[in-house]
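Trainee:
In our numbering, the protein residues as written are 39 to 292.
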């Protein structure tokens, strides 16, 4: 587990040379309505997701991190209220390092082939209607730690994955990409509300992403204000796994 402790939660190599303003929005959007989602993610912990047509805000309550994206400017800000640091990158360069860990463990959801289910009408999640997307994969399942994908004697099993995407919530494709990167889910053209993995060997299900509640909210310019913290070059400087022991806790729960 020592190598996991040294891995940053978020990583990007670009130096911030084009983000010169500590604010990405002077006014609220013309469309006054957006959505607030309270979600629980098996890796990120509890998060509040604010989704508007051109903007996105992710508050990670476990790590004290906030991500604010603006599709019109193409900028994504990350700031840490505990460290008093901030970082800015282009929307297409934003990366969540946990996706690399998931790939090592055989759970890299964005790399699977996803299709809309034949009966695509999904269940209602947190009061929202959904569309169903599915994928499947065969992998070696090990009896050791790390959820069975890292060590110990192995056997091949089938895993069926299901993601339920909100039908009503609309946002920019740029912001969908940022959200998918943070949630380590594929970009399916909508906001993911729930992801379930079903394992063939023991008929067990694991919920990777869960939306606890959802409600419409008015826009508020305070959501898009960036604190005047010290601006640093990379996301690595803003946040790391060692800020909280969530990764070890998450691996232990698998």
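For glycine and all other residues, C-beta sits at the position ideal for the given N, C-alpha and C.
On a predicted model such as this, the values are computed, not experimentally measured, just so you know.
Counting pairs of Cβ atoms below 8 Å between the segment 119-128 and the segment 198-210, do you hit three or more?
Mentor: At 8 Å Cβ cutoff, the stretches do not touch.
Trainee: Would you kindly check if the distance between the Cβ of residue 87 and the Cβ of residue 75 is under 8 Å?
Mentor: Position 37 of the chain shown, counting from 1, holds the residue named residue 75. Position 49 of the chain shown, counting from 1, holds the residue named residue 87. Yes, Cβ-Cβ distance for residue 75 and residue 87 is below 8 Å.
Trainee: Would residue 113 be called buried (16 or more neighbouring beta carbons within 10 Å of its own) or exposed?
Mentor: Here residue 113 corresponds to residue number 75 of the chain shown, with the count starting at 1. Under this definition residue 113 is a buried residue.
Trainee: Classify residue 95 as helix, strand or coil using the three-state DSSP reduction.
Mentor: As a working mapping, residue 95 is identified with position 57 in the chain shown. Note: residue 95 maps to strand in three-state DSSP.
Trainee: What number of angstroms, rounded off, separates the C-alpha of residue 311 from the C-alpha of residue 115?
Mentor: Residue 311 lies beyond the residue range present for the chain, which begins at 39 and ends at 292; the question has no answer from this structure.
Trainee: Quick one: residues in its chain with C-beta nearer than 6 Å to the C-beta of residue 198, no 5 flanking neighbours on either side, listed in chain order?
Mentor: Along the chain shown, read from residue 1 onward, the residue named residue 198 stands at position 160. 174, 236, listed in sequence order.
Trainee: Between residue 252 and residue 164, which are expected to be in contact by the criterion C-beta below 8 Å, what is the C-beta distance as a whole number of angstroms?
Mentor: As a first step, residue 252 must be located in the chain shown, where it is residue number 214. As a first step, residue 164 must be located in the chain shown, where it is residue number 126. Indeed they touch by this definition, with Cβ atoms about 4 Å apart.
Trainee: Within 10 angstroms of its Cβ, does residue 89 collect 16 or more other Cβ (buried), or is it exposed?
Mentor: As a first step, residue 89 must be located in the chain shown, where it is residue number 51. That one is buried.
Trainee: What are the residues that DSSP puts in a beta bridge with residue 204?
Mentor: Here residue 204 corresponds to residue number 166 of the chain shown, with the count starting at 1. In the DSSP output, where bridge partners are listed per residue, residue 204 has 168.
Trainee: Do residue 247 and residue 223 have their C-beta atoms closer together than 8 Å?
Mentor: Taking the chain shown and counting its residues from 1, one reaches residue 247 at position 209. Taking the chain shown and counting its residues from 1, one reaches residue 223 at position 185. Against a cut-off of 8 Å, the Cβ pair of residue 223 and residue 247 comes out as a contact.
Trainee: I need the DSSP call for residue 272, collapsed to helix, strand or coil.
Mentor: For the purposes of this step, residue 272 is taken as the residue at position 234 of the chain shown. Note: residue 272 maps to coil in three-state DSSP.
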